[in-house]
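Let me begin by presenting the structure, written as structure tokens, before commenting on it.
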Amino acid sequence: MKELSLHLLDLVQNSVEAGAKDIYIEMKKDLINKKLMLRIKDNGKGIPPEMLEELKNPFFTTRKTRKVGLGIPLFWELIRNCDGSLEIKSEVGKGTEIIAEVPYHCIDLPPLGDLPGTILSIIATNPDLNFSFRFEKNGDVFDFSTIELKKELGEVPINSLEVISFLKKYLYEHLGGW
Ligand SMILES: Nc1ncnc2c1ncn2[C@@H]1O[C@H](COP(=O)(O)OP(=O)(O)OP(=O)(O)O)[C@@H](O)[C@H]1O
Ligand SMILES: [Mg+2]
Numbered sequence: 001m002k003e004l005s006l007h008l009l010d011l012v013q014n015s016v017e018a019g020a021k022d023i024y025i026e027m028k029k030d031l032i033n034k035k036l037m038l039r040i041k042d043n044g045k046g047i048p049p050e051m052l053e054e055l056k057n058p059f060f061t062t063r064k065t066r067k068v069g070l071g072i073p074l075f076w077e078l079i080r081n082c083d084g085s086l087e088i089k090s091e092v093g094k095g096t097e098i099i100a101e102v103p104y105h106c107i108d109l110p111p112l113g114d115l116p117g118t119i120l121s122i123i124a125t126n127p128d129l130n131f132s133f134r135f136e137k138n139g140d141v142f143d144f145s146t147i148e149l150k151k152e153l154g155e156v157p158i159n160s161l162e163v164i165s166f167l168k169k170y171l172y173e174h175l176g177g178w
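According to the UniProt record's numbering, the stretch in the sequence shown is residues 1 to 178, in order.
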């Protein structure tokens with residue numbers, strides 16, 4: 001079974017491939033409504049309306065005729081199996097926003113997997129992009145932005161060994177309990 005953080009990685013990869021320069025990632029564990037929310041917003045090239053329709057109705061299209069890949073349809077299937085919701089908003093030339101909500105007690109929900117490690121690899125493999133993160137669990141918020149970090153780093157590259165090992169510690173400290 002695939003881990004949720006690998007779906008996150010897939011979705012972020014879509015944003016990167018769409019040429020986004022700024023990517024916002026939000027995750028929220030809502031204890032009251034027992035829901036897990038994931039939001040990814042980018043300023044990439046956007047999804048043309050006909051493709052958006054196809055992505056929204058993966059079961060109306062057969063595999064043979066589908067021109068798009070499997071990342072979103074697989075994610076969609078997972079969300080659907082758990083009676084969750086998935087919203088994709090996109091405007092060509094502006095960007096894309098994906099909001100998923102799913103009950104976290106769903107028996108078919110895969111484990112989260114290595115969230116801090118996933119975030120770390122997203123940052124390390126895309127040093128030129130700006131990422132902002134917001135993680136909220138039980139009202140506790142952990143905000144983090146590579147824009148701020150880069151300002152503090154000055155000339156030191158964000159994917160240099162010492163920064164990566166600092167980030168690794170920092171992210172495991174804050175996200176290890178997810
Ligand atoms: N954030 C995004 N911005 C622009 N286009 C997107 C975005 N996310 C998805 N798309 C478009 O939707 C298509 C389908 O995405 P999906 O993740 O399902 O498949 P893929 O990325 O093409 O292949 P795979 O994920 O299987 O490697 C993409 O090929 C891309 O054209
Ligand atoms: Mg993809």
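Beta carbons are placed, not taken as given, at the ideal position from N, Cα and C, and that holds for glycine.
- Contiguous beta strand (DSSP E) elements confined to the UniProt domain "Histidine kinase" (1-106) occur at 22-30, 35-42, 85-91, 95-103, taking only those with 3 or more residues.
- By DSSP's assignment, Asn159 forms no beta bridge with any residue.
- Ranking Ala20, Lys2, Leu109 by CA distance to the CA of Asn130 puts Ala20 first.
- Taking all protein chains shown into account, Lys56 has fewer than 16 neighbouring C-beta atoms within 10 Å of its C-beta and is therefore exposed.
- With a cut-off of 7 Å, the C-beta of Ser15 is classified as near ligand 1, since at least one heavy atom of the ligand falls inside that distance.
- Here Lys89 has Glu97 as same chain residues with Cβ atoms under 6 Å from its own Cβ, once five neighbours each way along the sequence are excluded.
- Within the model, the alpha-carbon separation for Met27 versus Glu155 is close to 31 Å.
- A direct Cα-to-Cα measurement between Val102 and Asp140 gives close to 19 Å.
- Nearest to Lys150 by C-alpha distance, out of Phe135, Ile123, Arg39, is Ile123.
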